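What follows is one structure encoded as structure tokens, with my remarks underneath.
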Amino acid sequence: MPLLSFGCRSYRDINRCSYKEGRKQQSKADRHCEEIMECAMVADEPSPKRSIESRLQKRKRSGKMKATVKRLKAEMVEIAEQQKHIREGQKEVREKFEEIGFQCDELKKETFLISQQAASNQKRLNLMFKILKAREENNFHEAASLTQSLRECMTSKTQANTQVVVDASGTVGKE
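Here my numbering is used: the first residue of the sequence shown is 45, the next is one more, and so on.
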């Protein structure tokens, strides 16, 4: 169906017509355009069909939004559980590190005691060696004084062993 219901099909055709005919047709065209514009303005008003469609679209969007919110809440719960497991794991690791630190302190104390015992043993061995050397050289006076020193060293060692004790908590104490 042509745009204009009179002789010319478009505004270009109107310009091609004679001036008088063109004026008549142009005024008709203007009236026709006004009618079309009025129809367009009426069409801009919401029709019941459009409002139903828009309500359906709003419901659809709101349903999608609810589904998205529900999914996000589920993800947040899952993330919270994961964070809880991570915190528990960190707590376990922290406890293990504390236990390892405690054991390290115990080992240091034991190592210190062992090194003291080794030094004491080395001192006694040196005294015994000197005693043997003095007896070989028939220096009995020096051998007797060295033997007395060895006895004193041995008694101080037995007293030290009874006094220095490492208890279960790893602290060094005396009995």
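Just so you know, even glycine gets a beta-carbon here, dropped at the ideal spot from N, CA and C. All figures in this text were calculated on a predicted structure; none of them were measured in a lab.
| query | Could you give the C-beta distance for Cys197 and Arg179, rounded to a whole number, given that I count them as a contact under 8 Å? | reply | About 18 Å separates the two Cβ atoms, so there is no contact after all.
| Is it buried or exposed for Leu151, if we count other Cβ within 10 angstroms and need 16 for buried? | exposed
| Beta-carbon separation of Leu194 and Ile175 under 8 Å? | yes
| message | Let me check understanding here. Comparing Cα to Cα, which of Leu171, Lys177, Asn183 lies closest to Leu190? | response | Taking only the C-alpha atoms, the option nearest Leu190 is Leu171.
| request: To the nearest angstrom, report how far apart Glu139 and Gly133 are at their CA atoms. | output: 10 Å
| message | If we require 3 or more residues per run, which beta strand (DSSP E) segments fall completely within the segment 129-186? | response | none
| task | Please state if the CB of Lys201 and the CB of Ser164 are separated by a distance shorter than 8 Å. | result | yes
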